[in-house]
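Trainee: For reference, the structure I am asking about is given below.
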Amino acid sequence: MGSAAAQTVMRINMSIAKDSHQGVAIDQFAKEVNERTGGRYKFEIFYAGSLGGERESIEPVQLGTQALTFSSTGPVPNFVPEARILDIPFLFRDKAHARAVLDGPIGQDMSKEFESKGLKVLAWCDNGIRHMTNSKRDVNVPDDLKGLKMRTLENPVHVAAFKSLGIVPTPMAFPEVFTALQQGTVDVQENPLSVIMAAKFDQVQKHVSLVGACAMLALAATLGMFQILMRFVFEAPAEWTEVLIRFSLVWMVFLGIAPAFRQGAMVSVDMAWRRSGPAGRRILNAIAALAALTLVGIIIWWGWDYANRGSVQSVIGLEGVTMFWAYLALPVGGVFSVFSTVGNLLDPQGLELETAL
283 MGSAAAQTVM
293 RINMSIAKDS
303 HQGVAIDQFA
313 KEVNERTGGR
323 YKFEIFYAGS
333 LGGERESIEP
343 VQLGTQALTF
353 SSTGPVPNFV
363 PEARILDIPF
373 LFRDKAHARA
383 VLDGPIGQDM
393 SKEFESKGLK
403 VLAWCDNGIR
413 HMTNSKRDVN
423 VPDDLKGLKM
433 RTLENPVHVA
443 AFKSLGIVPT
453 PMAFPEVFTA
463 LQQGTVDVQE
473 NPLSVIMAAK
483 FDQVQKHVSL
493 VGACAMLALA
503 ATLGMFQILM
513 RFVFEAPAEW
523 TEVLIRFSLV
533 WMVFLGIAPA
543 FRQGAMVSVD
553 MAWRRSGPAG
563 RRILNAIAAL
573 AALTLVGIII
583 WWGWDYANRG
593 SVQSVIGLEG
603 VTMFWAYLAL
613 PVGGVFSVFS
623 TVGNLLDPQG
633 LELETAL
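To convert a position in the sequence shown, counted from 1, into the working numbering, add 282.
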């Protein structure tokens, strides 16, 4: 009787379902606290946004009418503006980097900003790599997103990032997303696959695009942001970042053509191919492969020549580095493209003209 009277019941609101990875985590958290305090604290957990979206669940915690919430960083800048930096695209190299930052001095300083706004950070966790689903079409390149209406987090950084891709951003609380997708209010959403399945978005979306960015693109974006901070915030521009960004983009382009050749998307023979029988199509595929190999051979030959010539050209801002390392992307990408072209000839995976790169 005395134990029951001393027990404190606390409410937790979270935006996704009980059977999600977040639901499992919060259930375990509640169990551990209950056991380790001898039953003094019991949690009443509300799943799937039954008490409102993430923003609506942060407000009562700040006011003291609700004990805890489990939220993404999306709506947090509305309460703690300093947290906006955590949503800059490509800010972290990988999960280990994010963990080191948030569990280290920077994370501690960020937590103090939360405390000044009446909130206490108990722990940081990752939600997984975010991918896109949509109801309209396959998304293979950024231009495929233009004009689509996309649900974004209630966060100006997210809105600006996706607007720059030609998307029509629609900030929306998570509990509203399923209905919005079902009714066509929005066409696109992006979340980790675990969240997509837990929220049953696969029931109302036809297409999924695995958009986890490649390392080179992440490097370029990170260096670009660093250059902006150095130039406009600290008024000390770092010239080496501009050079390294250009190097990264060159490598990204020439390494990226190999997958395109593997899918037969760089050279497309359309009209004659459609009107030909199986034998004719094999001949046309061979001609296309020969043309591709000829082009790649030229890239390898002249790329290697350029690389050798560049070995005597120094790079401003990067002492000891020459243009050899930039031009080397041409023959290296060309060699990979040879294997990809031959692979596509032996095992065709040609794309339709409409989806060709």
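Where a beta carbon is used, it is the ideal one built from N, C-alpha and C, also for glycine.
A quick note: this is a predicted structure, and the numbers were derived from the prediction, not measured.
(1) With a threshold of 7 Å on Cβ separation, who are the neighbours of Val-620 within its own chain once the five nearest residues in sequence on each side are excluded?
(2) By the three-class DSSP mapping on this structure, what secondary structure does Lys-482 have?
(3) To the nearest angstrom, report how far apart Ala-495 and Ala-380 are at their CA atoms.
(4) Residues in the same chain with beta-carbon distance under 6 Å from Ala-497, minus the five sequence neighbours each way, listed in chain order, please.
(5) State the Cα-Cα distance for the pair Asn-295 and Ala-312, rounded to the nearest angstrom.
(6) Grouping DSSP H, G and I as helix and E and B as strand, with all else coil, what is Tyr-329?
(7) Between Trp-584, Arg-366, Trp-583, Val-624, which has its C-alpha nearest Asn-567's C-alpha?
(8) Extract the residue ranges of the beta strand (DSSP E) inside the stretch 367-428, only unbroken runs of 3 or more that lie entirely within it.
(9) Pop quiz: Val-470 and Leu-430 are said to be a contact at Cβ under 8 Å. What is the actual Cβ separation, rounded to whole angstroms?
(10) According to DSSP, simplified to helix, strand and coil, what is Phe-361?
(11) Looking at the structure shown, is Val-450 part of a helix, part of a strand, or coil, going by DSSP?
(12) With H, G and I counted as helix, E and B as strand and the rest as coil, what does DSSP make of Glu-338?
(13) What is the rounded straight-line gap between the Cα of Phe-483 and the Cα of Trp-583?
(14) Can you find the residues in the same chain that come closer than 6 Å, C-beta to C-beta, to Val-532, ignoring five residues on each side of it along the sequence?
(15) Return the CA-CA distance between Ser-302 and Ile-327, expressed in angstroms with no decimal places.
(16) With three or more C-beta pairs closer than 8 Å as the rule, is the stretch 441-448 touching the stretch 359-367?
(17) In terms of residues, what are the limits of the beta strand (DSSP E) holding Asn-473?
(18) Select from Ser-398, Gly-410, Leu-463 the residue whose C-alpha is nearest the C-alpha of Lys-418.
(19) Using the C-alpha atoms, what's the distance from Ala-561 back to Leu-627?
(20) Classify Thr-319 as helix, strand or coil using the three-state DSSP reduction.
(21) Determine the contact status of Ser-297 and Gly-335, defining contact as a CB-CB distance below 8 Å.
(22) For Leu-499 and Pro-387, I'd like the C-alpha separation in whole angstroms.
(23) If we call anything under 8 Å between Cβ atoms a contact, is Ala-378 one with Arg-293?
(24) The alpha helix (DSSP H) spanning Arg-591 covers which residue range?
(25) To the nearest angstrom, how far is the alpha carbon of Phe-529 from that of Pro-438?
(26) From the DSSP secondary-structure annotation, give me the bridge partner or partners of His-489.
(27) Just verifying my parser: in three-state terms, what is the DSSP assignment at Gly-430?
(28) What's the gap between the Cα of Gly-410 and the Cα of Ser-622?
(29) To the nearest angstrom, how far is the alpha carbon of Ala-299 from that of Asp-309?
(30) Flag Pro-371 as yes if its beta-carbon sits less than 8 Å from any beta-carbon of chain B, otherwise no.
(31) Could you give the first and the last residue of the continuous alpha helix (DSSP H) run that contains Asn-626?
(32) Mark Glu-472 as exposed unless 16 or more other C-beta atoms lie within 10 angstroms of its C-beta, in which case mark it buried.
(33) Could you compute how far the alpha carbon of Thr-415 sits from the alpha carbon of Ala-330?
(34) Since Phe-606 and Gly-592 are thought to touch, with beta carbons under 8 Å apart, how far apart are those beta carbons, to the nearest angstrom?
(35) By DSSP, does Gly-602 sit in helix, in strand, or in coil?
Mentor: Let me spell this out:
(1) If you number the sequence shown from 1, residue 620 lands on position 338. Hits under 7 Å: Leu-575, Val-578.
(2) Translated into the one-based positions of the sequence shown, residue 482 becomes position 200. Note: Lys-482 maps to coil in three-state DSSP.
(3) One-based indexing of the sequence shown puts residue 495 at position 213. One-based indexing of the sequence shown puts residue 380 at position 98. For Ala-495, the pLDDT reaches just 39, beneath the cut-off of 50, and the residue's location in the model is therefore unreliable, although a value from the coordinates is still provided. If you take the alpha carbons of Ala-495 and Ala-380, they lie about 16 Å apart.
(4) Working through the sequence shown from its first residue, we reach residue 497 at position 215. At Ala-497, the pLDDT of 40 sits below 50, so the modelled position is not reliable and the matter cannot be decided from this model.
(5) Position 13 of the sequence shown, counted from the first residue, corresponds to residue 295. Position 30 of the sequence shown, counted from the first residue, corresponds to residue 312. Going by the C-alpha atoms only, they are around 12 Å apart.
(6) Along the sequence shown, one-based indexing puts residue 329 at 47. Here Tyr-329 sits in coil by DSSP.
(7) The sequence position of residue 567 within the sequence shown is 285, counting from 1. Ranking Trp-584, Arg-366, Trp-583, Val-624 by Cα distance to Asn-567 puts Val-624 first.
(8) 412-416
(9) Taking the first residue of the sequence shown as 1, we reach residue 470 at position 188. Taking the first residue of the sequence shown as 1, we reach residue 430 at position 148. About 5 Å; that satisfies the 8 Å criterion.
(10) Sequence index remark: in the sequence shown, residue 361 carries index 79 (1-based). It is coil, neither helix nor strand.
(11) The residue labelled residue 450 in the question sits at position 168 within the sequence shown. Three-state DSSP puts Val-450 in a strand.
(12) Numbered from its first residue, the sequence shown carries residue 338 at position 56. Glu-338: helix per DSSP, three-state reduction.
(13) Taking the first residue of the sequence shown as 1, we reach residue 483 at position 201. Taking the first residue of the sequence shown as 1, we reach residue 583 at position 301. Their backbone Cα atoms lie some 49 Å apart in a straight line.
(14) Here residue 532 refers to the residue found at position 250 when the sequence shown is read from its first residue. Once the five neighbours on either side are set aside, the close Cβ partners of Val-532 are Ala-608, Ala-611.
(15) Working through the sequence shown from its first residue, we reach residue 302 at position 20. Working through the sequence shown from its first residue, we reach residue 327 at position 45. About 14 Å.
(16) no
(17) As a working mapping, residue 473 is identified with position 191 in the sequence shown. It spans 470-474 - the beta strand (DSSP E) in which Asn-473 sits, taken as one unbroken run.
(18) Stepping through the sequence shown from its first residue, residue 418 is reached at position 136. Comparing Cα positions, the closest option is Leu-463.
(19) For this step, residue 627 is matched to residue 345 along the sequence shown. For this step, residue 561 is matched to residue 279 along the sequence shown. Distance between the alpha carbons of Leu-627 and Ala-561 is about 14 Å.
(20) As a working mapping, residue 319 is identified with position 37 in the sequence shown. Reduced to three states, the DSSP call for Thr-319 is coil.
(21) Mapped onto the sequence shown, residue 297 falls at position 15. Mapped onto the sequence shown, residue 335 falls at position 53. Yes, the pair counts as a contact, with Cβ atoms nearer than the cut-off.
(22) By 1-based counting over the sequence shown, the position of residue 499 is 217. By 1-based counting over the sequence shown, the position of residue 387 is 105. With a pLDDT of 43 at Leu-499, under the threshold of 50, the modelled position of that residue is not reliable, and no figure is offered here.
(23) As a working mapping, residue 378 is identified with position 96 in the sequence shown. As a working mapping, residue 293 is identified with position 11 in the sequence shown. No, the pair does not count as a contact, with Cβ atoms beyond the cut-off.
(24) Counting from 1 along the sequence shown, the entry for residue 591 is found at position 309. Taken as a continuous stretch (DSSP letters only), the alpha helix (DSSP H) holding Arg-591 covers 560-592.
(25) Translated into positions along the sequence shown, residue 529 becomes position 247. Translated into positions along the sequence shown, residue 438 becomes position 156. Looking at the two C-alpha atoms, the distance is approximately 30 Å.
(26) Looking up residue 489 in the sequence shown gives position 207. Answer by DSSP bridge pairing, in chain order: Asn-416.
(27) Translated into the one-based positions of the sequence shown, residue 430 becomes position 148. First, the residue type needs correcting, since residue 430 is Leu and not Gly in the sequence shown. Here Leu-430 sits in coil by DSSP.
(28) The sequence position of residue 410 within the sequence shown is 128, counting from 1. The sequence position of residue 622 within the sequence shown is 340, counting from 1. Those two C-alpha atoms are separated by around 31 Å.
(29) Locating residue 299 in the sequence shown gives position 17, counting from the first residue. Locating residue 309 in the sequence shown gives position 27, counting from the first residue. Taking the straight line from one Cα to the other gives about 12 Å.
(30) Absent here is chain B; the protein component of the structure consists of one chain.
(31) What you label residue 626 is simply residue 344 of the sequence shown in a count that begins at 1. Taken as a continuous stretch (DSSP letters only), the alpha helix (DSSP H) holding Asn-626 covers 611-628.
(32) Residue mapping note: residue 472 aligns to position 190 of the sequence shown, counting from 1. Counting Cβ neighbours within 10 Å, Glu-472 comes out buried, since at least 16 surround it.
(33) Locating residue 415 in the sequence shown gives position 133, where the first residue counts as 1. Locating residue 330 in the sequence shown gives position 48, where the first residue counts as 1. One C-alpha to the other measures close to 20 Å.
(34) Along the sequence shown, read from residue 1 onward, the residue named residue 606 stands at position 324. Along the sequence shown, read from residue 1 onward, the residue named residue 592 stands at position 310. Phe-606 to Gly-592, Cβ: 5 Å. Contact.
(35) Here residue 602 is taken as the residue at index 320 of the sequence shown, counted from 1. DSSP places Gly-602 in strand when its eight states are reduced to three.
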